[in-house]
Each structure stands twice: as structure tokens, then as C-alpha cells.
Amino acid sequence: MRKRFLSVMFICLLLVGGSGLAFAQGDPALAQKYKNAKPGESFLIGHITFHLGQEYAIMVYQSIEQACKQMGLKFKGAVANTQADWIELTESMIASGAKAIIYNCPNAEVMPKIAEIANKNNVFIASYFGYTGDIWPGAYGPRWVLDNTPLSDEQTFIPLTLLMEKMEQAKKSKIYIQQGSKSAATVSTVLINLGVFQALLNYPTMQLMGFQYGEWGYEGGRSGAEAALAVRTDYEGFWSANDSMATGGLKALRDRGVEIGAFTASRDMEMTTAQDILKGRFLVTSGFAIPYYGGRLVPMLYDMCVGAWYPTPEEMLQTGKLTVYGRPGELEKLAEAAGIAKHGSFKTGPLEENLKQILMQMKEKNPSYPYDFRLMSLSKTKELGLKYDRTAGAGDILGAHDYYFIPKLKKFGSIDAWKKHVAALYSFFLDISWMTDQQAAKEMAKKFPKELKYEAVWE
């Protein structure tokens, strides 16, 4: 197989500021200025999520609750269905004594108001998928200063490249593309769609079609696929913006007799997808260790509350490191054929072991993920005489239990560069129905501003 990537593509990811176990630099003066609790104090940390109809959202909820229990903190969770819910639940949790609140895929339009409430009440807030091209942590006062959103282009590029390679080898070309959402976690939608563009640039025979939105859940994925099937049924491959949508989409495809099988890829690494991969019904998913990703904001918020740490502007935008999962041996062969075996973002993990030791905990009555989140807290480790561990005691065998700071990556180098990049993505990648093939992609690329960085390198 021909090699598609220049040597620059093989540069390893670099965590600026030291090894993978180094802690963030922080701003000690601001940490003391904005603290709202004392070390060892037991206070409430709240969690508001956009739904619990997705395995990702369930695991995030469970891991936040686990982290609070481990650290001797109180926990309260809730689901927001409307814009008003996000505000009302925020006020309710603050009234209940919350000193910090975590938001999963919040309605971005209400984040400035929520930040205003947090500033007024001396409460820290953190988010997953909380910003857009116009709304940012750190821009609305000192309390919303932490967001944990994956580099979803990186998370898409690797598994979709593997899928396209497998399809090319099998002389298949028609891929049903399922997008995320135009209203929820849109920063992930535009990044995922950028990853589709990056993969397509190396596969001129691929044809993309469908493009319905699955709204991040099983039912949305199923209805989106049903809409795609109303147009045509000759799909040979399937890319979905996340595992839950892919599961729903595959159900609709099978109900119509369209058996795509292992020519399917997505991102997140959920339990059902892992099981489907082992059954030979799914090729690959890319994960950021969801329970680790979910729970680790608790020790960071605790440290902010007690004055042990406060992020510098470059540390406010974080992202989890990634691992791809598939059948043992197959992904490595596909990566070698595609020319990405030495790519810095290509890292495989043991699927079956991860499923048994981590993902299946989601179904337990009292789930217990293999993380001790106390070890990720500067203050708690000092209070209890423990040794700080960035992996929360899990190591890196089952997955990449680590993270880095987006503005510190060489590809961007500053917050301003990252902001301009994201703003440009919203202009071109919120909907990629224009991306029908490589020729269409290259024509659109002629319109990209220089601030839009589409090279498939993250360092």
C-alpha cells in the first residue's frame, strides 16, 4: 500500500510543560484571591447534564459522583432540558450550598448568564463542550475558567482514516456520514467535521453522502439513518459523530436490510460499541477514557475552591489524550497500510480488558471505575499524604489517562490562534453536506482563511 503522509505527520504529541505526569503551572496569586473554601472542607459540587440517554453522559455523571465521594464532597446531579433549566438548576444548586458546578454540553447561549450568576455567588463552574467560536471560559469573569473538550478532529481523523483504508482495500467507496448537532456541543460538531475533511484528503475514491444530524444520542442516530435510507440504500460504510448515534444508525440500517457490519467507525469508546467490535459488527472507535475524562474535573475544581490551583489562561482549555480500539491486530495492519502507524496520535488500547475493567461498570448498581481521583488533587494529596498521579492511579495500559492544554500545542501556540481557528471552523464545518468527495473538499479549501489549521498533526 502506498504511504500517504510526509514525515512531519509522524511527530509525536507533545505535552508542553513536562512529562505526562507533570501538573499544570497554575497562578498561585489568583488561586488565593478567588478561593471559596478551606482545605479538607466538605462542600457540594453540582453537575448539570444535557441528557442521560447516552452512555457517554451516564459515565460522566457516574464518575463525577464517584470523584466527589472519594474526596469527601457532597454531590448533586440534574438534567437540563431547556435554556431556562440551565439557569434555574444553577441557582438551585447554589442555594443548596454548591461551591462548584460542572456542566456537560450546556446550551452555549446561556453560559454568559451562568457565568454571571457564578461570579455573583462566588461559585466556580467548569464545562465539557461548553464554548463556541464566540463564547469562551475566561471571558466572563473569574469563575468559569475551565473547559474540557476533546480535539474531536484528532479523534475523528484516526478512526475514519482506518475505515477509509479498509473500504479502499475492499473496493468500497460510499460512506454514510452522520453529523453531530447544530445546536448542542457545536464545537465538537465542527471539529469532528474537520476530521472528516482531513481523512478525505488522502482517499480520492471515497464518496460521502447522507449528512443527517443525530443529536448525539441513539434515537437521533436512528432517525437520522432512517432519513438517509429514504434517499438511497446503497451505503457501503458508515461514519457517525459518536458511538450512541452509530448504535442507533446501525439499528435503522439493519432493519432495512443494509448490513454494513464492520465497515463502521465512530468516536467515544462506549460499552455497546466495544461489544459490537468484539462481535465483528463494528471496526473502530476512538476514546478519551470517558470516566477518567468525566471525574478529573472534580479534583481540579476542589483545588480551585481551596486555593491550591487556579489555571493560567493557557490552561483553561483542556483536552483528553486519545486511544483507538478495535480487534487486536487489525487496526495496526490498517494503520501501516494507511501510513499512520507512526503518527503521534495513533495509539491502540486493549479492547476486551477495557470493556471488562472500565466500561461494564456503567451497568452496575454501584459503579466503581478504577480511578482514585484524590490522586489528581494537589491539595487532597497534601492533606492525606498521598502521591500525586495524573492518571488517577490507572496508568496508561487500558487507555491514555492523560490530557494536555490546547493553546500550548505548537500547532496553535496561543489562545488567540485557537480562537481564530475555531471561529473559522464555524463558518465552514457546522454542516459538511458540501463535502461529497475529495474534489469538492479541495475546492472549498481554497476559501479557508489562513487561521483555519487543517493539517492532520497535533503537537
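According to the working numbering, the sequence shown is numbered sequentially starting from 115.
All C-beta atoms in this analysis are idealised placements derived from N, C-alpha and C, irrespective of residue type, glycine included.
- The residues Val412, Pro413, Tyr416, Phe487, Arg488, Ser491, Lys494, in chain order, have a CB closer than 8 Å to that of Met185 in the same chain once the five nearest residues on each side in sequence are set aside.
- Assigned with DSSP and collapsed to three states, Trp258 falls in strand.
- When secondary structure is reduced to three states using DSSP, Lys296 falls in the coil class, being assigned neither helix nor strand.
- Beta-bridge partners of His161 (DSSP): Gly191, Ile216.
- Sequence-distant partners of Phe352 (beyond 5 residues in either direction) whose C-beta falls short of 6 Å from its own C-beta, in its chain, are Tyr290, Ile374, Thr378.
- Excluding five sequence positions before and after Pro256, the CB atoms of its chain that fall closer than 6 Å to its own CB belong to Tyr148, given in chain order.
- Taking every protein chain shown into account, the CB of Gly247 has 16 or more other CB atoms within 10 angstroms, so this residue is buried.
- Take the alpha-carbon of Ala360 and the one of Leu397: they are about 12 Å apart.
- With a cutoff of 8 Å on beta-carbon distance, Leu308 and Phe543 are scored as near each other.
- The stretch 288-303 makes no contact with the stretch 386-396: fewer than 3 CB pairs, one atom from each, lie closer than 8 Å.
- Note on the stretch 385-448: whole beta strand (DSSP E) runs with a minimum of 3 residues are 398-401, 431-434, 437-440, in chain order.
- Nearest to Leu166 by alpha-carbon distance, out of Tyr317, Ser358, Trp532, Lys456, is Ser358.
- Under the 10 Å beta carbon count, Gly401 is surrounded by 16 or more other beta carbons and is classified as buried.
- Boundaries of the beta strand (DSSP E) around Arg381: 378-382.
- Less than 8 Å separates the beta-carbon of Gly160 from that of Met207.
- By the 16-neighbour rule on beta-carbons within 10 angstroms, Pro264 is buried.
- Minimum Cα-Cα distance from Lys435 among the listed residues Trp200, Arg441, Lys525, Gly513 corresponds to Gly513.
- Per DSSP, Leu322 is one residue of the beta strand (DSSP E) stretching across 321-327.
- Per the C-alpha coordinates, the member of Glu329, Arg410, Gly338 positioned closest to Tyr518 is Arg410.
- The alpha-carbon of Met385 is positioned some 43 Å away from that of Ala143.
- According to the DSSP assignment, Ser541 belongs to the alpha helix (DSSP H) that extends over 529-542.
- For Phe526, same chain residues with a beta-carbon under 6 Å away, outside a window of 5 residues either side, are Trp532 in chain order.
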